[in-house]
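Peer 1: Quick one: this structure, given as structure tokens, is what I'll be asking you about.
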Ligand code: SD4
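In our numbering, the protein residues as written are 3 to 321.
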């Protein structure tokens with residue numbers, strides 16, 4: 003089932019992939035939606051549909067991301083995503099609301115279908131910003147989110163711990179594949195919102211948390227300036243507070259494109275990996291300009307407005 007859905011996601015996304023390296027034109031009138039990866043187009047389209055049906059901007063972010071969590075596009079979001087080293091899913095998600103600088107986040111949560119909804123509940127129904135693990139699951143279920151059976155998890159955890167003690171190391175997560183849905187919205191009133199959700203790096207050590215639920219790493223929204231989201235190997239993003247810095251670069255006057263590129267160069271200049279970072283960013287500013295950059299390889303991302311919906315593909319930054 004998951005495989006069929008993944009194939010469907012890819013086919014839909016590739017059919018509309020356009021304009022290698024074409025830079026989208028700046029638009030000033032929202033809504034404008036930008037999302038990571040080709041499957042992000044399904045999220046941007048769904049979010050636009052939510053807005054045009056009268057939904058709020060936060061509904062749009064959540065509906066768009068829930069669709070990807072449901073489809074498990076690319077095997078990297080939701081419960082259909084690649085499991086951790088012990089063979090089960092631990093999911094990360096966060097959401098930010100520009101006008102009130104609201105934020106909610108869940109990390110390493112097990113056995114719920116929609117971590118983005120849990121993150122929104124943390125933002126709207128708790129006095130906290132971030133909940134992790136069992137507490138995040140408990141809170142989500144208390145607020146009516148759909149659960150899945152986790153009765154086999156204790157046995158899986160014990161088996162993994164025994165294997166670990168026997169000296170069998172967790173596989174390198176970087177080689178197991180990873181992606182994230184990051185979705186940013188500038189609405190018709192000029193307000194900014196964002197969310198992201200991931201099952202994280204495949205084969206990660208149980209308990210590992212990536213950049214995606216960490217505000218300022220996987221996602222940052224500043225309603226006065228702009229918003230940014232990251233995807234790629236979280237360890238290479240969260241050590242640099244990358245999306246918070248991209249927003250700061252925009253505050254200093256850089257375009258979203260230049261801000262994303264500067265962040266890649268900034269990390270590459272000091273990191274032992276140089277440009278071999280496997281990280282990408284998207285960004286949007288208050289004026290509706292958008293940008294994207296990646297460290298190596300190429301990076302497709304989705305851009306949707308009232309009049310167009312396309313997947314753009316950029317090459318790695320010039321060194
Ligand atoms: C993580 N950043 O958990 C996520 C995974 C990802 O493209 O986005 N991969 O490290």
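Built from N, CA and C at the ideal position, the CB exists for glycine as well.
1. Only counting the same chain, and skipping five residues up and downstream in sequence, which positions put a Cβ closer than 6 Å to that of residue 93?
2. Using the rule of at least 16 other Cβ atoms within 10 Å of the residue's Cβ for burial, across every protein chain shown, is residue 205 buried or exposed?
3. What are the boundary residues of the beta strand (DSSP E) that includes residue 41?
4. Just verifying my parser: in three-state terms, what is the DSSP assignment at residue 94?
5. Since residue 198 is in the beta strand (DSSP E), which residue starts that stretch and which ends it?
6. Report all residues from its chain with a CB closer than 6 Å to the CB of residue 71; omit the five preceding and five following residues, and keep chain order.
7. Cα separation between residue 314 and residue 236?
8. What do you get for residue 108, buried or exposed, if any count of 16 or more other CB atoms within 10 angstroms of its CB means buried?
9. Say whether the region 41-48 touches the region 292-306, bearing in mind that this needs 3 or more beta-carbon pairs closer than 8 Å, one atom from each stretch.
10. From the DSSP output, read off the bridge partner residues of residue 184.
11. In its own chain, which residues sit with a C-beta less than 6 Å from the C-beta of residue 57, not counting the 5 before and 5 after it?
12. Under 8 Å by Cβ, that's how I've got residue 232 and residue 246 pegged, so tell me the actual separation to the nearest angstrom.
13. Quick check: what's the CA-CA separation for residue 114 versus residue 154?
14. Would you check whether the ligand SD4 has a heavy atom nearer than 7 Å to the C-beta of residue 185?
15. How long is the line joining the alpha carbons of residue 106 and residue 275, rounded to whole angstroms?
16. Could you compute how far the alpha carbon of residue 282 sits from the alpha carbon of residue 320?
17. Could you tell me if residue 250 is buried or exposed, where buried requires 16 or more neighbouring beta carbons within 10 angstroms of its beta carbon?
18. Specify whether the region 126-142 and the region 159-168 touch according to this definition: at least 3 beta carbon pairs, one from each stretch, less than 8 Å apart.
19. Hey, how far is the Cα of residue 296 from the Cα of residue 263?
20. Please report how far the alpha carbon of residue 309 lies from the alpha carbon of residue 90, in whole angstroms.
21. Rounding to the nearest angstrom, what Cα-Cα distance links residue 261 and residue 298 in this structure?
22. Looking at the secondary structure, which residues open and close the beta strand (DSSP E) in which residue 61 lies?
23. Residue 238 lies in the alpha helix (DSSP H); which residues open and close that run?
24. Are residue 189 and residue 33 closer than 8 Å when you measure CB to CB?
Peer 2: According to the structure shown:
1. Residue mapping note: residue 93 aligns to position 91 of the chain shown, counting from 1. Correct list, in chain order: 111, 117, 201.
2. In the chain shown, counting from the first residue as 1, residue 205 sits at position 203. Burial call: buried.
3. In the chain shown, residue 41 corresponds to position 39, counting from 1. Element bounds for residue 41: n/a, residue is neither H nor E.
4. Counted from its first residue, the chain shown places residue 94 at position 92. DSSP places residue 94 in strand when its eight states are reduced to three.
5. On the chain shown, position 196 is the one that residue 198 refers to. Its beta strand (DSSP E) spans residues 194-200.
6. Counted from its first residue, the chain shown places residue 71 at position 69. Around residue 71: 79, 80, 116, 199.
7. The count along the chain shown starts at 1 and reaches residue 314 at position 312. The count along the chain shown starts at 1 and reaches residue 236 at position 234. If I take the Cα positions, the gap works out to 23 Å.
8. Translated into the one-based positions of the chain shown, residue 108 becomes position 106. Per the 10 Å Cβ criterion, buried.
9. yes
10. Taking the first residue of the chain shown as position 1, residue 184 is located at position 182. In the DSSP output, where bridge partners are listed per residue, residue 184 has 198.
11. Working through the chain shown from its first residue, we reach residue 57 at position 55. There are no such residues.
12. Taking the first residue of the chain shown as position 1, residue 232 is located at position 230. Taking the first residue of the chain shown as position 1, residue 246 is located at position 244. That pair is no contact at about 10 Å.
13. Your numbering for residue 114 matches position 112 in the chain shown. Your numbering for residue 154 matches position 152 in the chain shown. Each residue's alpha carbon lies about 14 Å from the other.
14. Here residue 185 corresponds to residue number 183 of the chain shown, with the count starting at 1. No, the beta carbon of residue 185 sits no closer than 7 Å to any heavy atom of the ligand SD4.
15. For the purposes of this step, residue 106 is identified with residue 104 of the chain shown, where counting begins at 1. For the purposes of this step, residue 275 is identified with residue 273 of the chain shown, where counting begins at 1. Cα to Cα, residue 106 sits roughly 31 Å from residue 275.
16. As a working mapping, residue 282 is identified with position 280 in the chain shown. As a working mapping, residue 320 is identified with position 318 in the chain shown. The alpha-carbon atoms of residue 282 and residue 320 are separated by roughly 14 Å.
17. Residue mapping note: residue 250 aligns to position 248 of the chain shown, counting from 1. With 16 or more Cβ atoms within 10 Å of its Cβ, residue 250 is classed as buried.
18. no
19. For the purposes of this step, residue 296 is identified with residue 294 of the chain shown, where counting begins at 1. For the purposes of this step, residue 263 is identified with residue 261 of the chain shown, where counting begins at 1. Roughly 8 Å between the two C-alpha positions.
20. The residue given as residue 309 occupies position 307 in the chain shown. The residue given as residue 90 occupies position 88 in the chain shown. Near 41 Å, if we compare the C-alpha coordinates of residue 90 and residue 309.
21. Residue 261 sits at position 259 when you count from the first residue of the chain shown. Residue 298 sits at position 296 when you count from the first residue of the chain shown. About 17 Å.
22. Your numbering for residue 61 matches position 59 in the chain shown. Premise fails: residue 61 lies in the alpha helix (DSSP H), 59-73, not in any beta strand (DSSP E).
23. For the purposes of this step, residue 238 is taken as the residue at position 236 of the chain shown. From DSSP, the alpha helix (DSSP H) with residue 238 extends over 237-240.
24. Residue mapping note: residue 189 aligns to position 187 of the chain shown, counting from 1. Residue mapping note: residue 33 aligns to position 31 of the chain shown, counting from 1. Closer than 8 Å, so yes.
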